[in-house]
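Right, one structure below, let's go through it.
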Amino acid sequence: MSQISIHDADKYYNRGKGNQIHVINRIGLELPESGMVAVFGRSGCGKTTLLNAIGGLDTLDSGSILVDGQDMRQNTDYLRNRYIGYIFQNYNLNVSQTVGENVANALILCGMTDREEIARRVRVALANVGMEKFAKHAPHLLSGGQKQRIAIAGVLAMRP
0 MSQISIHDAD KYYNRGKGNQ IHVINRIGLE LPESGMVAVF GRSGCGKTTL
50 LNAIGGLDTL DSGSILVDGQ DMRQNTDYLR NRYIGYIFQN YNLNVSQTVG
100 ENVANALILC GMTDREEIAR RVRVALANVG MEKFAKHAPH LLSGGQKQRI
150 AIAGVLAMRP
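Quick note: the sequence shown, position 135, residue 134 per numbering that gives the first Met the number 0, numbers continuous.
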């Protein structure tokens with residue numbers, strides 16, 4: 000298990016311009032090693048920006064995000080691939096590949112090369128979301144909810 004901590008985080012959009020927005024304002028947060036955390040707030044208050052920064056998809060202007068004691072800025076790709084599971088709202092599935100190949104991509108992008116282990120993790124992850132019978136289907140044939148479960152399976156296969 001790992002812990003995520005955020006210290007004095009600041010993020011601006013259009014910094015120094017007339018339309019500057021201070022999206023994250025000196026946020027400090029300690030996330031537990033396990034459990035569920037919900038982020039609430041009105042539209043445009045910085046929830047997604049904060050989650051993108053925690054996930055290593057966006058950078059802060061100041062402050063730090065530590066994952067298992069390591070600074071996200073110093074080792075972004077490693078920390079994201081090892082500790083962070085990110086499920087995109089729009090699924091981010093490759094329509095030219097099968098459902099199983101899409102789940103396998105998450106593992107391959109993290110550097111996994113053992114084809115048998117990849118195949119095993121794909122089977123288990125798809126079974127965990129009730130989608131094992133769709134492994135050879137094209138994503139465009141699935142409903143929105145099924146596509147979301149495939150995106151979740153990709154994260155489960157990684158075991159972040």
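C-beta atoms are modelled at their ideal positions from N, C-alpha and C, and glycine is treated no differently.
Per DSSP, reduced to three states, the secondary structure at isoleucine 107 is helical. Annotated as proximal: methionine 130 and glutamine 145, with beta-carbon spacing under 8 Å.
With contacts defined as CB atoms closer than 8 Å, isoleucine 23 and glycine 45 qualify as a contacting pair.
In summary, glycine 153 is buried, with 16 or more beta-carbon neighbours lying within 10 Å of its beta-carbon over all protein chains present.
Just so you know, the alpha carbons of asparagine 13 and arginine 122 end up roughly 45 Å apart.
Ranking Gln19, Val36, Gly17 and Asn18 by CA distance to the CA of serine 4 puts Val36 first.
Cβ contact annotation for glycine 27 (same chain, cutoff 7 Å, sequence separation greater than five): Ile5, His6 and Asp7, in chain order. Look at asparagine 51 here: in three-state DSSP terms it is helix.
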